[in-house]
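Trainee: The structure is given below, and queries will be raised subsequently.
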Amino acid sequence: MRSAESIDTIVVIGGGISGLSSAFYLRKKAKEQGKELRIELIEAQSKLGGKINTLHKKGFVIEKGPDSFLSRKLPIIELAHELGIEHELVPTNTKAAKTYIMKNGKLHEMPKGLVLGIPTSILPFLASDLVSGQGKLAALADLLKGSEAREQDESLGGFLARRIGDEIVTSIAEPLLAGIYAGDLYKLSLQATFPQFAEYERKHGSIILGSRHNRAIMAEKNKGKQPATFMTFRQGLTSMVESLQSALTDITVRTETKVEALEKHNGHYELSLSGGEKLNAQAVIITTPAFAAHQLLQPYIESTMLAEIDYVSVANVVLAFDKTSFDAEFDGSGFLVPRSEGLHITACTWTSNKWLHSAPDDKVLLRCYVGHSEDQETVKLDDEAIVAAVRNDLKQVIGLQATPLFTEITRLNHSMPQYPVGHVQAVRNLRTEMSEKLPGVFITGAAFDGVGLPDCIRQGKEAAEIMLDYLETTHSK
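In terms of UniProt numbering, the numbers along the sequence shown are unbroken and rise by one, the last being 477.
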């Protein structure tokens, strides 16, 4: 048994899903390796979980933050199994599979086989009135172009435009991807967002053929069954946060505590906490937003790239209704609104259709999204004004005039990191510099290698492995 003084301390800064995952896998892997480790998790807010926030109200399960995750990204499924809550996982309602996109003031069903805006089934795409004849020809030209692969990173919008045309980018890809990044596709990095598209171009000479090939592989893997694209937890995503907290009762967790400074000393780091306490650590994992990490790291490294990662503010407005007074018909899981349509809302999820567990049988639950990189004003409206704007848009799109039973408004200020062109290389350079100037300090989270919940969990796991390897290497010297 090592003395208390000789036990390594790792501090995890940030109690969102990236920080919780880092702490969970640090604890798990240290125990598997027979290592004693002191783990401290520091969170500035009063609760853990970051943007994850489930509200249980009057029989409704309401997500005020993210509402689901891509089921093909396995880290979150694996974590659910490790936490023993895999039985709580639920897929989307198969009877509400249709998604609509607004065009010229009307909703059009998204053609089957459309994957992130890429038409993988040609006949449904040709039959759709969502894209003009000229737009269809521009998209199908991708099949004949061959590889135009570029060595350097480029914008996601620029890449898609040169492969399948501007019209699909504006009318389909932008609204489809708005829920993930809320950004301008012509400013977002291809390599940091959808590197598989560039790989399709290199390997297949066509992103349509590459997407179809990937679909075939997934179909074979799933034995011909079409798995649900999205999943969540029956009692909400907070179930995962609560299970992580229960699994971490033997580590020190501090909420309402901010790390105000990080100082490098010989062989360890000293962290100054907001309450005046000093905390020593052999290693530190930083999972905060980039702008907060910048404040901690700038005395030691060239952290300009952290300051240059822009964050977009968004909001969601949830509306609950009695089914008897609900005066609109809809047969899908929701609809998307391109920016060119000039509405406040960017999308609407018919939550009670998409997730059957989310509302009592005699009720209807809608969730509308507002805010993107070119509209940061709607998010700033007061509660009455933002609800009025959303209800006016719903009246215009689907004719809904019913008065909601209640509304829930959630503003997520500075919540959506925007990955600029060159982001992947900039992160690589930053981490290289940190390994030289701040060995034992690792930075990870939504600002770096993926914004979705599975991506953040994967990053937390990777950070834990890197830190344990670092300590092993340090002790072996």
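Glycine included, each C-beta is placed from N, C-alpha and C at the ideal position.
These numbers were taken from a predicted model, which means no experiment stands behind them.
Quick check on the burial criterion: 16 or more other C-beta atoms within 10 angstroms. Buried or exposed for Asn429?
Mentor: Taking the sequence shown and counting its residues from 1, one reaches residue 429 at position 429. Exposed, by the Cβ-count rule.
Trainee: Taking the straight line between their C-alpha atoms, what separation do you get for Val12 and Lys98?
Mentor: For the purposes of this step, residue 12 is identified with residue 12 of the sequence shown, where counting begins at 1. For the purposes of this step, residue 98 is identified with residue 98 of the sequence shown, where counting begins at 1. Approximately 42 Å between the Cα atoms of the pair.
Trainee: Can you round the beta-carbon distance between Gly65 and Leu412 to whole angstroms, since I take them to be within the 8 Å contact cut?
Mentor: For the purposes of this step, residue 65 is identified with residue 65 of the sequence shown, where counting begins at 1. For the purposes of this step, residue 412 is identified with residue 412 of the sequence shown, where counting begins at 1. Gly65 to Leu412, Cβ: 7 Å. Contact.
Trainee: Classify residue 478 as helix, strand or coil using the three-state DSSP reduction.
Mentor: With the chain covering 1 to 477 only, the question about residue 478 has no answer from this structure.
Trainee: So Lys29 and Glu462 are supposed to be a Cβ contact under 8 Å. How far apart are they, rounded?
Mentor: The sequence position of residue 29 within the sequence shown is 29, counting from 1. The sequence position of residue 462 within the sequence shown is 462, counting from 1. Going by Cβ atoms, the distance from Lys29 to Glu462 rounds to 11 Å, so no, they are not a contact pair.
Trainee: Round the Cβ separation of Gly237 and Ile52 to the nearest angstrom and send it over; I've been treating them as touching at under 8 Å.
Mentor: Sequence index remark: in the sequence shown, residue 237 carries index 237 (1-based). Sequence index remark: in the sequence shown, residue 52 carries index 52 (1-based). Before going on, a small fix: residue 237 reads as Leu here, not Gly. Going by Cβ atoms, the distance from Leu237 to Ile52 rounds to 5 Å, so yes, they are a contact pair.
Trainee: Glu465 by DSSP, collapsed to three states: which one?
Mentor: Taking the sequence shown and counting its residues from 1, one reaches residue 465 at position 465. In this structure, Glu465 counts as helix in the three-state DSSP scheme.
Trainee: Could you tell me the boundaries of the alpha helix (DSSP H) in which Pro75 lies?
Mentor: Locating residue 75 in the sequence shown gives position 75, counting from the first residue. Run containing Pro75: 75–83, per the alpha helix (DSSP H) assignment.
Trainee: Can you tell me whether Pro91 is helix, strand or coil according to DSSP?
Mentor: The residue given as residue 91 occupies position 91 in the sequence shown. Pro91 falls in the strand class under three-state DSSP.
Trainee: What is the DSSP secondary structure of Gly179, counted as helix, strand or coil?
Mentor: Mapped onto the sequence shown, residue 179 falls at position 179. Gly179: helix per DSSP, three-state reduction.
Trainee: Contact defined as beta carbons within less than 8 Å: I believe Asp449 pairs with Lys73. What is the distance between those atoms, to the nearest angstrom?
Mentor: What you label residue 449 is simply residue 449 of the sequence shown in a count that begins at 1. What you label residue 73 is simply residue 73 of the sequence shown in a count that begins at 1. Contact flag wrong, Cβ pair sits at about 12 Å.
Trainee: For the candidate residues Leu20, Gly440, Asn222, whose alpha-carbon lies nearest to that of Ile269?
Mentor: Taking the first residue of the sequence shown as 1, we reach residue 269 at position 269. Note on identity: in this sequence residue 269 is Tyr, with Ile being the wrong assignment. Cα-wise, what sits closest to Tyr269 is Gly440.
Trainee: If I measure Cβ to Cβ from Gln282 and keep anything under 8 Å in the same chain, skipping five residues before and after, which residues do I get?
Mentor: The residue given as residue 282 occupies position 282 in the sequence shown. Correct list, in chain order: Asp8, Thr9, Ile10, Gly267, His268, Tyr269, Gly440, Leu471, Thr474.
Trainee: Can you have a look at Asn104 and say buried or exposed, based on whether 16 or more other CB atoms are within 10 angstroms of its CB?
Mentor: The residue you call residue 104 lines up with position 104 of the sequence shown. Its Cβ having fewer than 16 others within 10 Å, Asn104 is exposed.
Trainee: Can you tell me whether Met218 is buried or exposed, with buried defined as 16 or more other CB within 10 angstroms of its CB?
Mentor: The residue labelled residue 218 in the question sits at position 218 within the sequence shown. Burial call: exposed.
Trainee: For the alpha helix (DSSP H) holding Val312, just list the boundary residues, first then last.
Mentor: To locate residue 312, count along the sequence shown from 1; it is residue 312. Note, Val312: premise wrong, no alpha helix (DSSP H); beta strand (DSSP E) at 311–322.
Trainee: Taking just the CA atoms, how far does Leu156 sit from Tyr186?
Mentor: Taking the first residue of the sequence shown as position 1, residue 186 is located at position 186. Taking the first residue of the sequence shown as position 1, residue 156 is located at position 156. Near 6 Å, if we compare the C-alpha coordinates of Leu156 and Tyr186.
Trainee: Need the endpoints of the alpha helix (DSSP H) that Arg431 sits in, please.
Mentor: The count along the sequence shown starts at 1 and reaches residue 431 at position 431. It spans 423–437 - the alpha helix (DSSP H) in which Arg431 sits, taken as one unbroken run.
Trainee: Excluding the 5 residues preceding and the 5 following Tyr369 in the sequence, name in chain order all residues of the same chain whose CB lies nearer than 7 Å to its CB.
Mentor: Residue mapping note: residue 369 aligns to position 369 of the sequence shown, counting from 1. So the qualifying residues of the chain are Gly179, Val314, Asn316, Ile345, Thr346, Ala347.
Trainee: Would Ser373 and Gln418 be called neighbours here (beta carbons separated by less than 8 Å)?
Mentor: For this step, residue 373 is matched to residue 373 along the sequence shown. For this step, residue 418 is matched to residue 418 along the sequence shown. Cβ distance < 8 Å, so Ser373 and Gln418 count as in contact.
Trainee: Do the region 135–146 and the region 163–171 make contact, defined as three or more Cβ pairs closer than 8 Å?
Mentor: Flag = yes, the region 135–146 and the region 163–171 touch.
Trainee: Given a cut-off of 8 Å on the beta-carbon distance, is the pair Leu244 and Phe442 in contact?
Mentor: As a first step, residue 244 must be located in the sequence shown, where it is residue number 244. As a first step, residue 442 must be located in the sequence shown, where it is residue number 442. No. Outside cutoff.
Trainee: What is the rounded straight-line gap between the Cα of Ala359 and the Cα of Ala261?
Mentor: Your numbering for residue 359 matches position 359 in the sequence shown. Your numbering for residue 261 matches position 261 in the sequence shown. Approximately 45 Å between the Cα atoms of the pair.
Trainee: Classify Ala261 as helix, strand or coil using the three-state DSSP reduction.
Mentor: For the purposes of this step, residue 261 is taken as residue 261 along the sequence shown, with counting starting at 1. Correct three-state label for Ala261: strand.
Trainee: Nearest to Ser171 by alpha carbon, out of Lys258, Leu116, Asp393, Gln196?
Mentor: The residue given as residue 171 occupies position 171 in the sequence shown. Measuring from the Cα of Ser171, the nearest candidate turns out to be Leu116.
Trainee: Tell me the DSSP secondary structure of Ile286 in three-state form.
Mentor: The sequence position of residue 286 within the sequence shown is 286, counting from 1. Strand, per DSSP.
Trainee: Considering only their Cβ atoms, is the gap separating Ile42 from Thr257 smaller than 8 Å?
Mentor: Taking the first residue of the sequence shown as 1, we reach residue 257 at position 257. Taking the first residue of the sequence shown as 1, we reach residue 42 at position 42. Against a cut-off of 8 Å, the Cβ pair of Ile42 and Thr257 comes out as a contact.
Trainee: What does the alpha-carbon distance come out to for the pair Thr120 and Phe233?
Mentor: The residue given as residue 120 occupies position 120 in the sequence shown. The residue given as residue 233 occupies position 233 in the sequence shown. Cα to Cα, Thr120 sits roughly 30 Å from Phe233.
Trainee: With a threshold of 16 other CB atoms inside 10 Å of the CB of His56, please say whether the residue is buried or exposed.
Mentor: Position 56 of the sequence shown, counted from the first residue, corresponds to residue 56. His56 should be labelled exposed.
Trainee: Could you tell me whether the Cβ atoms of Gly334 and Trp350 are closer together than 8 Å?
Mentor: Taking the sequence shown and counting its residues from 1, the one referred to as residue 334 is at position 334. Taking the sequence shown and counting its residues from 1, the one referred to as residue 350 is at position 350. Yes, the pair counts as a contact, with Cβ atoms nearer than the cut-off.
Trainee: Give the DSSP bridge partners of Ile101, in chain order.
Mentor: Translated into the one-based positions of the sequence shown, residue 101 becomes position 101. Answer is His108, Leu336.
Trainee: Below 8 Å on the Cβ atoms is my guess for Pro404 versus Leu319; work out the distance and round it to an integer in Å.
Mentor: Residue numbering aside, residue 404 sits at position 404 when the sequence shown is read from its first letter. Residue numbering aside, residue 319 sits at position 319 when the sequence shown is read from its first letter. Correct: roughly 4 Å between the Cβ atoms.
Trainee: I need the straight-line Cα distance from Val131 to Ile168, nearest angstrom please.
Mentor: Here residue 131 is taken as the residue at index 131 of the sequence shown, counted from 1. Here residue 168 is taken as the residue at index 168 of the sequence shown, counted from 1. Cα to Cα, the separation comes out at about 7 Å.
Trainee: What's the C-alpha gap between Lys100 and Tyr300?
Mentor: By 1-based counting over the sequence shown, the position of residue 100 is 100. By 1-based counting over the sequence shown, the position of residue 300 is 300. For clarity, residue 100 is Tyr in the given sequence; the question names Lys instead. So the alpha carbons of these two residues sit roughly 50 Å apart.
Trainee: Between Ile285 and Thr444, which are expected to be in contact by the criterion C-beta below 8 Å, what is the C-beta distance as a whole number of angstroms?
Mentor: If you number the sequence shown from 1, residue 285 lands on position 285. If you number the sequence shown from 1, residue 444 lands on position 444. Rounded, the Cβ-Cβ distance is 7 Å, consistent with contact.
Trainee: State the DSSP-derived secondary structure class of Pro454, mapped to helix, strand or coil.
Mentor: Residue mapping note: residue 454 aligns to position 454 of the sequence shown, counting from 1. Pro454 falls in the helix class under three-state DSSP.
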